[in-house]
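Presented below is the structure to which this report refers.
Residue numbers (my numbering), protein chains in the order written: chain B, 1 to 478; chain U, 479 to 599.
So, in structure tokens, the structure goes:
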């Protein structure tokens, strides 16, 4: 698969090159990688081990990486066509019925709640374990972490690009060092490194690939920064580099986990701490506890901003109740931020009580596969509906690849939604169906009333702009 | 198409409302920015600056290095400055495009909303 630049403009379409502050490629890569590499990544990596033989997890991760490349092609083309934070609304609205587009978008947004909740739970559990506190204390950590995230968001605090770069690269480097050290200190050879289905079925491998896709998920969220980049091609180049980095780091950490951790450690809520401990003793445990906490910085910063601003924009557009567009004195949409905090807290506490984080992983994996299938569909549909639209990044072979992507990602979404810990489990599917049904009932039942009320309000407001004086009769020389 | 005079008149109203609005001045505290407007239909450029919580007069042409670039039709800008148009709607439909940091884009939308008491009660 390849992509070609055709008709690529020499500069950004809207002159972002001249901005006083613009994001460079380094920050695009760190944002894309940082959003994907949440704390949940460690648990998903440990969970993936259960589906394949020995130390061969890098194979499904590699296959998932190839599929992520396919998704990269779709998002690269769509982002090039609509280089804006509102891109998902624009390309979906132009590819399908707006009600279907909104239903899918709202359902997809639940991924952000899940990832924030999961990270709060994982960081809370990791800190409680590192400090030797009883498990229930993790609940206090969760409340504290999410409270801090909500408060800093309400105050308009945003992690600067440089800090985000540093945080992401430190997390990746530390994870690599711990993974390599753990492998080096274990003197046994790798088990079945090239035979993932040894004693397993092909179905297990497919499930492993579905879970592997989740390891790359959210790399595409960086497209919401399209208006801030110095050059438009930084977005698709950055995403490509990010996929490469994710493949290397995730493969290494997963193989290290499968090689040195016991089954009991793999299914715990903090396998990365045990890996750190296996690599460097107590120092490694504390290093990984610190790294886990730092991953939350990216998740909370990116997740809260992306979701709350999307809800604000949709409310301002008239597709959500106007109360969701209320701003505080720091111009922060405080209702979506609070709602996101409360929802994430509830989900995180439910996970802490039930210990069902692998269900979150399955739901996240299925929703990501679903949105990749939707991106494939939009790419295909827009090739037909808007063939002459400028495409600075054009996916070569898109008609075929989009059909392949649509089929494969739809299949993976179904597989991921009915399997937890390599066992048949319909709970993720039930959660997704419930979220989809809620979104659909809002779009079909409530939205028409919201839009009518908004139209009536606007119609009742007097027009302020003075009417233009009528044009005079043409002069004699006309 | 709106003329330069029409745009200047509309902006003057926007500026007056914004600078007279105590809440809005609070919202732009510490937010000193240069904003360039470019009209797609007339090809004109304008510059506004926010400094020390006050919106400057509209300068014709692009002056200084911008923090945000807003591109749209002269009619849309005119309607937006008069408070008759919700810029978010045009932005979400792709008719107004922006370049700049998301938080800066939010502030501009906040100005257009709060200046005309469009804030939901």
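Heads up, the beta-carbon is just placed ideally off N, CA and C, and yes, glycines get one too.
Item to check | Range of the contiguous alpha helix (DSSP H) that encloses residue 525/U | outcome: Careful: residue 525/U lies outside any alpha helix (DSSP H), inside the beta strand (DSSP E) at 523-529.
Item to check | Coil, strand or helix - residue 231/B by DSSP | outcome: coil
Item to check | 8 Å Cβ cutoff, residue 8/B in contact with chain U | outcome: Any answer about residue 8/B is weak, because its pLDDT of 35 lies below 50 and its placement is not dependable; what the coordinates show is given next. No, residue 8/B does not count as interfacial toward chain U.
Next on the checklist: Can you give me the C-alpha to C-alpha distance between residue 557/U and residue 440/B, rounded to a whole angstrom?
Outcome noted: 34 Å
Item to check | Exposure label - residue 283/B; buried when at least 16 CB within 10 Å | outcome: exposed
Item to check | C-alpha gap between residue 247/B and residue 203/B, whole angstroms | outcome: 22 Å
Checklist entry - Taking three-plus beta-carbon pairs below 8 Å as touching, is the segment 266-277 of chain B in contact with the segment 68-87 of chain B? => result no
Checklist entry - Who are the near neighbours of residue 125/B in its chain, counting only those whose CB is closer than 6 Å to its CB and skipping five residues on each side? => result 138, 269, 270
Checklist entry - With a CB to CB cut of under 7 Å and the five nearest residues on each side skipped, what residues in its chain are close to residue 488/U? => result 556, 559, 560
Checklist entry - On the three-state DSSP scale, how would you describe residue 428/B? => result helix
Item to check | Chain-ordered neighbours of residue 465/B on chain U, where CB pairs are closer than 8 Å | outcome: 488, 556, 557, 560, 562
Item to check | Spatial distance of residue 101/B from residue 89/B (CA atoms) | outcome: 7 Å
Checklist entry - Alpha carbon to alpha carbon, how far is residue 219/B from residue 242/B? => result 7 Å
Item to check | Inter-residue spacing [alpha-carbon to alpha-carbon] between residue 130/B and residue 293/B | outcome: 12 Å
Checklist entry - Going by DSSP, which residues form a beta bridge with residue 419/B? => result 424/B
Next on the checklist: Check whether chain U comes within 8 Å of residue 313/B, counting only Cβ atoms and requiring the distance to be less than that.
Outcome noted: yes
Item to check | Span separating the alpha-carbon of residue 360/B from that of residue 425/B | outcome: 12 Å
Checklist entry - Cα-Cα, which of 229/B, 116/B, 206/B is closest to residue 414/B? => result 206/B
Checklist entry - List, in order along the chain, the chain B residues whose C-beta lies closer than 8 Å to that of residue 585/U? => result 331
Next on the checklist: Tell me which residues of the segment 539-551 of chain U have at least one Cβ-Cβ distance to chain B shorter than 7 Å, keeping chain order.
Outcome noted: 543, 544, 545, 547, 549
Item to check | Rounded Cβ spacing between residue 198/B and residue 54/B (contact assumed at less than 8 Å) | outcome: 7 Å
Checklist entry - With residue 578/U and residue 528/U assumed to form a contact (beta carbons below 8 Å), what rounded beta-carbon distance in angstroms separates them? => result Actually they do not touch by this definition, with Cβ atoms about 13 Å apart.
Item to check | Per-residue DSSP class, three states only, for residue 600/U | outcome: The shown model of chain U, from 479 to 599, leaves out residue 600/U, and the question about it has no answer.
Checklist entry - CB residue 48/B to CB residue 211/B, shorter than 8 Å? => result yes
Item to check | Residue range of the unbroken alpha helix (DSSP H) whose run includes residue 503/U | outcome: 500-505
Checklist entry - Would you say the beta carbon of residue 499/U comes nearer than 7 Å to a heavy atom of the ligand MN? => result The model on display carries no ligand, and the ligand MN is accordingly not part of it.
Item to check | C-beta neighbour in chain B for residue 500/U, strict 8 Å | outcome: no
Item to check | Nearest-angstrom Cβ-Cβ length linking residue 226/B and residue 83/B, presumed shorter than 8 Å | outcome: 4 Å
Checklist entry - Nearest to residue 510/U by CA position, among 588/U, 538/U, 530/U, is which residue? => result 530/U
Checklist entry - From this set, 251/B, 288/B, 279/B, which residue's C-alpha is nearest residue 187/B's C-alpha? => result 279/B
Next on the checklist: Tell me the rounded alpha-carbon separation between residue 217/B and residue 368/B.
Outcome noted: 6 Å
Next on the checklist: Could you check whether residue 372/B and residue 71/B sit closer than 8 Å to each other, using their CB atoms as the reference points?
Outcome noted: yes
Checklist entry - In chain order, what residues of the same chain lie with their CB nearer than 7 Å to the CB of residue 273/B, ignoring the 5 residues before and after it? => result 126, 129, 130, 285, 288, 289
Next on the checklist: Does residue 516/U come out as helix, strand or coil in the three-state DSSP assignment?
Outcome noted: strand
Checklist entry - So, is residue 136/B buried or exposed, given that buried needs 16 or more other C-beta atoms within 10 angstroms? => result exposed
Next on the checklist: Less than 6 Å between C-beta atoms, sequence neighbours within five positions excluded: which residues of the same chain meet that for residue 522/U?
Outcome noted: none
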